[in-house]
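> This is the structure I want to talk about, given as structure tokens.
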Amino acid sequence: MQALDRDDWQCVECGERRRLEIDHIEPVRTRPDLAYSLANLQTLCGRCHARKTRIEVGMGRPNPKRDAWKTLNRPGFTGE
29 MQALDRDDWQ
39 CVECGERRRL
49 EIDHIEPVRT
59 RPDLAYSLAN
69 LQTLCGRCHA
79 RKTRIEVGMG
89 RPNPKRDAWK
99 TLNRPGFTGE
């Protein structure tokens, strides 16, 4: 609940407000000491969480062009 409140109940990657999940920024498998640290938690939508997980396990790669496009289309982005 604290992570959701801190992140304004929206995905920190795309701004989506539905299907929210709490993600460990540093995976618990590599950093079990941070499992319950609020600083290691972030709010992601199901789609962004799945994408991050695929990248972490080596099944996908970040796409800088797609990330730039998402930034341009983020609600409230003014381009300044």
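Anchor point for the sequence shown: position 19 equals 47 in the working numbering, and the numbering is continuous, going up by one each time. By construction, the Cβ of each residue, glycine as well, lies at the ideal position given by its N, Cα and C atoms.
Can you have a look at glutamine 30 and say buried or exposed, based on whether 16 or more other CB atoms are within 10 angstroms of its CB?
Taking the first residue of the sequence shown as position 1, residue 30 is located at position 2. It counts as exposed.
> Can you determine whether any heavy atom of the ligand GDP sits closer than 8 Å to the C-beta of isoleucine 83, and answer yes or no?
The ligand content of the structure shown is nil, which means the ligand GDP is not present either.
> So who's on the other strand from isoleucine 50, going by DSSP bridges?
Position 22 of the sequence shown, counting from 1, holds the residue named residue 50. Thr71.
> Considering just the uninterrupted stretch of the alpha helix (DSSP H) at leucine 32, what are its terminal residues?
Stepping through the sequence shown from its first residue, residue 32 is reached at position 4. 30-34 is the span of the alpha helix (DSSP H), which, as asked, contains leucine 32.
> Rounded to a whole number of angstroms, what is the C-alpha to C-alpha distance between methionine 87 and arginine 79?
Counting from one through the sequence shown, the residue named residue 87 turns up at place 59. Counting from one through the sequence shown, the residue named residue 79 turns up at place 51. Straight-line Cα distance between these residues: approximately 9 Å.
> Which two residues bound the contiguous alpha helix (DSSP H) that contains aspartate 95?
On the sequence shown, residue 95 is found 67 positions in, with the first residue counted as 1. That run of the alpha helix (DSSP H) goes 92-100.
> Are the beta-carbon atoms belonging to leucine 69 and leucine 48 less than 9 Å from one another?
In the sequence shown, residue 69 corresponds to position 41, counting from 1. In the sequence shown, residue 48 corresponds to position 20, counting from 1. Not a contact, by the Cβ cut-off of 9 Å.
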